[in-house]
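The opening position of the sequence shown corresponds to residue 14 in our numbering, with each subsequent residue numbered one higher. Beta carbons are placed, not taken as given, at the ideal position from N, Cα and C, and that holds for glycine. See structure below.
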Amino acid sequence: MTAPSSLYSERVTPSIWWWVVALVLSAMTSLMVIPLSWIAGIIVPIVVFIAVALTLRSLIPRVTVTQDVLFAGPAHIERSFITEATPLKGEDAFKARGQKLDARAFLVTRPWAKDVVKVDIEDPNDPTPYWIVSTNNPDELARVLTQQG
């Protein structure tokens, strides 16, 4: 069986600044251990950076749209349940994740992705009114979700 072809796919990766902060914080651990041992002052920051990098990498969600399904992180939903997809940027995206958030909404958000797409859901068996999905390309993702297959 072959995998369905994707109409849209992206990994919502952290910007370079997240990696720089991880590197700086890891390097700062050497200041804590170097008075005890100069070897530990070299080894500990390397180990800490590897642990932080692996953690960051594990938090990168993949967003994929096929002909029939939207996959966002660990979840998926059939596109037949999607009624609307709205790209939100800047202040609108900020409010959608906070002040205007419905507690029943499903979130696949990351702090390094400022833009989101609000995906309205109409499923009689699911009380979730919408999904908020972090993305680097909100206009493109919304366009693909709203086009008819």
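Original post:
With contact counted as at least three CB pairs below 8 Å, one residue from each stretch, are the region 44-52 and the region 140-155 in contact?
Top reply: no
Original post:
Where does the unbroken beta strand (DSSP E) through Thr79 begin, and where does it stop?
Top reply: Taking the sequence shown and counting its residues from 1, the one referred to as residue 79 is at position 66. Thr79 -> beta strand (DSSP E) spans 75-79.
Subject >> 8 Å Cβ cutoff met for Lys8 and Thr159 >> reply: Residue 8 lies beyond the residue range present for the chain, which begins at 14 and ends at 162; the question has no answer from this structure.
Original post:
Considering Val157, what are the terminal residues of the alpha helix (DSSP H) in which it resides?
Top reply: Here residue 157 refers to the residue found at position 144 when the sequence shown is read from its first residue. That run of the alpha helix (DSSP H) goes 151-159.
**OP:** Compare the Cα-Cα distances from Arg75 to each of Val157, Arg123, Pro137 and report the closest residue.
**Re:** Within the sequence shown, the letter at position 62 stands for residue 75. That would be Arg123, whose Cα lies nearest to the Cα of Arg75.
**OP:** Classify Trp125 as helix, strand or coil using the three-state DSSP reduction.
**Re:** Here the question's residue 125 lines up with position 112 in the sequence shown. Coil, per DSSP.
**OP:** Could you tell me if Leu101 is buried or exposed, where buried requires 16 or more neighbouring beta carbons within 10 angstroms of its beta carbon?
**Re:** Stepping through the sequence shown from its first residue, residue 101 is reached at position 88. Flag for Leu101 reads buried.
Original post:
What are the start and end residues of each continuous alpha helix (DSSP H) run of 4 or more residues lying completely inside the region 41-112, in chain order?
Top reply: 51-71, 103-109
Original post:
Does the separation of the CB atoms of Ile95 and Val25 fall below 8 Å?
Top reply: Start at 1 with the first residue of the sequence shown, and residue 95 comes out as number 82. Start at 1 with the first residue of the sequence shown, and residue 25 comes out as number 12. Against a cut-off of 8 Å, the Cβ pair of Val25 and Ile95 comes out as no contact.
Subject >> Pairwise C-alpha distance: Asn149 and Glu23 >> reply: Here residue 23 is taken as the residue at index 10 of the sequence shown, counted from 1. Here residue 149 is taken as the residue at index 136 of the sequence shown, counted from 1. Rounded to whole angstroms, Glu23 to Asn149 spans 8 Å at the Cα level.
**OP:** Could you tell me which of Gln112, Arg70, Glu91 sits nearest to Gln80, measuring between CA atoms?
**Re:** In the sequence shown, residue 80 corresponds to position 67, counting from 1. Nearest of Gln112, Arg70, Glu91 to Gln80, Cα basis: Glu91.
**OP:** Closer than 7 Å by C-beta to Ala13: which residues in its own chain qualify, once you throw out the five before and the five after it? Chain order, please.
**Re:** There is simply no residue 13 to check, as the chain begins at 14 and stops at 162 in what is shown.
Subject >> Beta carbon of Tyr21 nearer than 8 Å to that of Val157 >> reply: To locate residue 21, count along the sequence shown from 1; it is residue 8. To locate residue 157, count along the sequence shown from 1; it is residue 144. Yes, these two residues count as a Cβ contact at 8 Å.
Subject >> Distance between Asp105 and Val33 (C-alpha atoms, nearest Å) >> reply: Here residue 33 is taken as the residue at index 20 of the sequence shown, counted from 1. Here residue 105 is taken as the residue at index 92 of the sequence shown, counted from 1. One C-alpha to the other measures close to 28 Å.
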